[in-house]
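Working notes, beginning with the structure itself.
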Amino acid sequence: MTASLEVLAAGTLTTVQDRGRFGHAHLGVPRAGALDGPAAALAHRLVGNDPDAALLEVTLGGLEVRASEGRWVAVTGAACPVTVDGEARGHDRAEWLPPGATLRLGAPVAGVRSYVAVAGGLAVAPVLGSRSTDTLAWVGPPRVVAGSVLPVGRATGDPRAHETPRPRRAGPLRITPGPRDDWFADGAFAALCAAAYTVGADSNRIGMRLDGPTLRRTTAGELPSEGMALGAVQVPPSGLPVVFLADHPPTGGYPVIGVVVEDDLWRCAQLRPGDEVRFTPDRPVAARR
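Sequential numbering from 8 applies to the sequence shown in our numbering.
If you want it as structure tokens, here you go:
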């Protein structure tokens, strides 16, 4: 295997991701995986990859990579300027990266995370069955930095020159009541869905922290640690919700008032600090607490 990408610049945070590391929560190992799953899947389809292949998740642009061999590449997710040796290239489409050429991603004009797939996928060594890096315990491939050389697998599929991205749902994040919504004052779930929150500056791949109205608890004390699901909206003593994302801890001791529908979680990957967040019940729950 001789094909590789040499990383010349890695931007704010660049990691290798695939669909995630499943079946190890009982060992305390997070799921990880691409935060914007639909964008990652589109990138793989465009270059003819298997959906389980690994690619790069790039936070706020700034990535520069040089190819040792010519390969098809695709950039999806957060819309950003894409160039090959300084010449503009397209977004959400397959582009040819000649041998020795440099692919660069500028700062996104919208969103946060972009995805770079290369035909053949990134062939870094898997850890516990996945090539994803989790940023909680740093299980998996190390963080991508300038000077990293990433092996690329053998291309087996045919690229698609262009594919219209599938429509994505807009509006509030859909949420179902959580297993501990009875720990909160009457009407707390409805209040959560009626309020406007903003994304906190300390949000990351572990969780999206929200600023806004606090949620009042009525049950004193704390829970014994229990399993946490992807999308769980946990409420710590501050009363401010946290939406657990792909690198969330497998257990937690704060009550969960609701769970964001998995099909809406990709949107959390693209929300910037200061962006407004609203919730809506996934189904009528007017009679619930």
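All C-beta atoms in this analysis are idealised placements derived from N, C-alpha and C, irrespective of residue type, glycine included.
Per DSSP, residue 253 lies in no alpha helix (DSSP H) and is assigned neither H nor E. Residue 103 is bridged by DSSP to 79. Going by DSSP, residue 286 is part of the beta strand (DSSP E) stretching over 286–288.
Secondary structure of residue 269 (DSSP, three-state): helix. As for any alpha helix (DSSP H) of minimum length 4 sitting wholly inside the region 21–94, the runs are 44–54, ordered along the chain. In the structure shown, residue 135 adopts coil according to DSSP, grouped into three states. Judged by DSSP in its simplified three-state form, residue 274 adopts helix.
Beta-bridge partners assigned by DSSP to residue 283: 205. By the criterion of a C-beta distance shorter than 8 Å, residue 199 is surrounded in its chain by 182, 222, 240, 248, 264, 265 and 286, once the five residues flanking it on both sides are discounted. Ranking 150, 90 and 46 by CA distance to the CA of residue 118 puts 46 first. Between the alpha carbons of residue 36 and residue 259 lies a gap of roughly 13 Å. In terms of Cα proximity to residue 26, the closest of 279, 227, 156 and 273 is 273. In the three-state scheme derived from DSSP, where H, G and I count as helix and E and B as strand, residue 195 is classed as helix. Residue 218 carries a strand assignment under DSSP once its states are collapsed to helix, strand and coil. Straight through space, the alpha carbons of residue 237 and residue 89 are spaced by roughly 32 Å. Under the 8 Å Cβ criterion, the region 57–65 does not count as touching the region 96–111, having fewer than three qualifying pairs.
Using a C-beta cut-off of 8 Å, the region 76–85 makes contact with the region 112–128, since at least three inter-stretch Cβ pairs fall below that distance. If you ignore the 5 residues before and after residue 28, its C-beta comes within less than 8 Å of the C-beta of 36, 37, 38, 39, 40, 134, 135, 136, 137, 139, 141, 146 and 147, all in its own chain and listed in chain order. Between the C-alpha atoms of residue 112 and residue 87 there is a straight-line separation of about 6 Å. With contacts defined as CB atoms closer than 8 Å, residue 251 and residue 214 qualify as a contacting pair.
Residues 206 of the same chain have their beta carbon placed closer than 6 Å to that of residue 278, with the five preceding and five following residues left out of the count. Of the other Cβ atoms in all chains shown, fewer than 16 fall within 10 Å of the Cβ of residue 209; this residue is therefore exposed.
Bridge partners of residue 259 according to DSSP: 233.
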